[in-house]
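J.: Provided herewith is a single structure, encoded as structure tokens, for subsequent inquiry.
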Amino acid sequence: MAITVGALREAAAGERRVAITPEVAKKLRGKGVRVLLEHAAGTAAGFPEGAYADVEFADAAQVLAQADLLACVLPPEDAVYGQLREGAMVVGQLRPHGAAERIAALGKRRITAFALELLPRTTRAQAMDVLSSQAAVAGYRAMLIAAEACPKFFPMLTTAAGTIRPSRVLVIGAGVAGLQAIATARRLGAQIEGYDVRPETREQVESLGAKFLDLGVSAAGSGGYARELSAEERAAQQQALAEHLKLVDVIVSTAAVPGRPAPKIVTQAMVEGMKPGALVVDLAAEGGGNCELTRPGERVEHAGVSILGPLNLPAGAPLHASEMYARNVYNFVELMLRDGALAPDFGDELIAKTCLTREGEPRP
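In this note's numbering, the protein residues as written are 71 to 434.
This is the structure:
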């Protein structure tokens with residue numbers, strides 16, 4: 071009997087993405103997998119039921135009762151796991167850090183769960199890397215939000231009324247989100263700079279046509295993330311950055327490490343030293359923000375500067391975000407498919423390190 075891969079309509083407030091798109095459903099069917107979705111699971115993402123070929127639809131209870139593997143974008147309510155078949159699998163962004171209650175709920179049904187946020191940052195894992203794919207969407211949208219909220223034009227304009235100088239934009243953090251934000255600002259015509267404490271990012275920033283801001287502090291770390299700065303390094307960084315921010319019109323801040331509070335980079339004093347009408351878009355708001363004044367999900371006005379803390383930006387571009395996310399999920403699930411059955415190889419680093427619970431037991 072064919073295994074069943076299911077997905078529900080995402081229940082989190084404002085979430086419009088879907089874990090299985092028509093493209094991925096077709097690929098799964100080509101592997102002999104039955105695809106079962108909750109009614110209207112993809113509608114908010116731009117995929118009506120008619121867009122899915124050879125896919126079954128049912129209510130949520132039926133999907134949960136029949137799914138051998140449940141794919142999700144964000145973790146469902148813990149009570150949902152109690153409706154899954156005992157021994158089923160779950161794959162998605164499960165927010166594993168500090169998730170004791172979620173792990174306990176998975177254990178009650180002996181569920182094997184894979185948190186895709188835990189994937190090793192290796193070349194082989196790139197096709198499954200949901201953090202990178204969704205960060206690219208977030209970086210793009212963050213810069214569009216900045217362009218909309220900025221009281222100035224981004225590009226230089228030469229008009230009969232005179233020449234308008236381009237906005238000066240600084241992107242803090244040159245990870246996937248930051249690089250996509252830089253590329254977007256460049257397309258919009260801004261005068262763009264990128265800053266990161268990891269010196270190896272200079273080449274990437276400059277390859278996008280931006281100037282690399284060198285504050286004389288290096289914090290190269292492991293796994294693609296920066297190490298924590300010492301007190302002396304942080305003081306030197308903040309002093310140099312404070313002086314530079316006096317010249318900047320827009321900051322888009324993207325520095326974040328999964329499972330940890332976002333590093334505080336832009337202090338209240340720095341904000342107070344910025345130009346009137348300047349703007350901060352803090353992409354790290356969900357982790358507390360890179361700016362001391364950020365309030366997640368809100369707009370703060372302080373000393374003539376606006377600080378925005380947008381949340382879940384990928385959900386604002388749900389069609390393409392879902393396409394990218396669903397491909398990540400498919401590439402991971404494909405690792406576990408053997409002769410039409412789910413047979414994860416826990417000797418595979420990608421499977422082992424992503425596993426949150428194995429038959430209900432938490433992984434070390």
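Glycine included, each C-beta is placed from N, C-alpha and C at the ideal position.
Do residue 130 and residue 161 have their beta-carbon atoms positioned less than 7 Å apart in this structure?
T.: As a working note, residue 161 is residue 91 in the sequence shown. As a working note, residue 130 is residue 60 in the sequence shown. No, Cβ-Cβ distance for residue 161 and residue 130 is not below 7 Å.
J.: Counting only C-beta atoms, is residue 317 closer than 7 Å to chain B at any point?
T.: The displayed structure is made up of one protein chain only, and chain B is not part of it.
J.: Just checking my contact of residue 392 with residue 91 at CB under 8 Å: how many whole Å lie between their CB atoms?
T.: Within the sequence shown, the letter at position 322 stands for residue 392. Within the sequence shown, the letter at position 21 stands for residue 91. Yes, they are in contact, since the Cβ atoms of residue 392 and residue 91 sit about 5 Å apart, within 8 Å.
J.: In the DSSP assignment, find the alpha helix (DSSP H) that holds residue 265 and state where it starts and stops.
T.: Taking the sequence shown and counting its residues from 1, the one referred to as residue 265 is at position 195. Looking at the DSSP string, residue 265 is not in any alpha helix (DSSP H); the run it does join, the beta strand (DSSP E), is 261-265.
J.: On a Cα-Cα basis, can you pick out the residue from 347, 386, 339, 384 that is closest to residue 363?
T.: To locate residue 363, count along the sequence shown from 1; it is residue 293. Cα-wise, what sits closest to residue 363 is 339.
J.: On the CB-based measure, 16 or more other CB atoms within 10 Å of its CB, does residue 201 come out buried or exposed?
T.: By 1-based counting over the sequence shown, the position of residue 201 is 131. Counting Cβ neighbours within 10 Å, residue 201 comes out buried, since at least 16 surround it.
J.: Could you name the residues of the same chain whose beta carbon sits closer than 6 Å to that of residue 271, not counting the 5 residues immediately before and after it, in chain order?
T.: Walking along the sequence shown from the start, residue 271 turns up at place 201. The residues are 244.
J.: To test your reading of the DSSP string, which unbroken alpha helix (DSSP H) runs of 4 or more residues are found completely within the segment 177-258?
T.: Entirely contained in the segment 177-258, the alpha helix (DSSP H) runs reaching 4 residues are, in chain order, 200-219, 246-257.
J.: How would you label residue 384, buried or exposed, when you count the other beta carbons within 10 angstroms and need 16 or more for buried?
T.: Along the sequence shown, one-based indexing puts residue 384 at 314. Label assigned to residue 384: buried.
J.: Can you say whether residue 367 is buried or exposed, counting buried as having 16 or more other CB atoms within 10 angstroms of its CB?
T.: One-based indexing of the sequence shown puts residue 367 at position 297. By the neighbour-count rule (16 or more Cβ atoms within 10 Å), residue 367 is not buried but exposed.
J.: Going by C-alpha to C-alpha distance, which of 181, 170, 175 sits closest to residue 157?
T.: Along the sequence shown, one-based indexing puts residue 157 at 87. Nearest option by C-alpha distance: 181.
J.: Contact check, residue 379 vs residue 396 under 8 Å by CB: the rounded distance?
T.: Indexing the sequence shown from 1 puts residue 379 at position 309. Indexing the sequence shown from 1 puts residue 396 at position 326. 28 Å between Cβ atoms; not a contact.
J.: Answer yes or no: do residue 361 and residue 351 have a C-beta to C-beta separation smaller than 7 Å?
T.: Position 291 of the sequence shown holds residue 361. Position 281 of the sequence shown holds residue 351. No.
J.: With a 10 Å radius around its C-beta and 16 neighbouring C-beta atoms as the bar for buried, classify residue 331 as buried or exposed.
T.: On the sequence shown, residue 331 is found 261 positions in, with the first residue counted as 1. Answer is exposed; the Cβ neighbour count stays below 16.
J.: Would you kindly work out how many angstroms separate the C-alpha atoms of residue 240 and residue 258, rounded to a whole number?
T.: Residue mapping note: residue 240 aligns to position 170 of the sequence shown, counting from 1. Residue mapping note: residue 258 aligns to position 188 of the sequence shown, counting from 1. One C-alpha to the other measures close to 14 Å.
J.: In or out: residue 242 buried (at least 16 other Cβ within 10 Å) or exposed?
T.: Taking the first residue of the sequence shown as 1, we reach residue 242 at position 172. Per the 10 Å Cβ criterion, buried.
J.: Should residue 300 be labelled buried (16 or more other beta-carbon atoms within 10 Å of its own) or exposed?
T.: Within the sequence shown, the letter at position 230 stands for residue 300. The residue is exposed, with fewer than 16 neighbouring Cβ atoms inside 10 Å.
J.: What separation, rounded to the nearest whole angstrom, lies between the Cα atoms of residue 407 and residue 155?
T.: As a first step, residue 407 must be located in the sequence shown, where it is residue number 337. As a first step, residue 155 must be located in the sequence shown, where it is residue number 85. C-alpha separation (whole angstroms): 19 Å.
J.: Could you pull out every residue in the same chain whose Cβ sits closer than 6 Å to the Cβ of residue 153, ignoring the five residues on either side in sequence?
T.: Locating residue 153 in the sequence shown gives position 83, where the first residue counts as 1. Contacts found: 134.
J.: Would you call the segment 171-178 in contact with the segment 412-422, where contact means no fewer than 3 C-beta pairs closer than 8 Å?
T.: With the cut-off at 8 Å, the segment 171-178 and the segment 412-422 do not touch.
J.: Can you tell me whether residue 272 is helix, strand or coil according to DSSP?
T.: To locate residue 272, count along the sequence shown from 1; it is residue 202. Helix, per DSSP.
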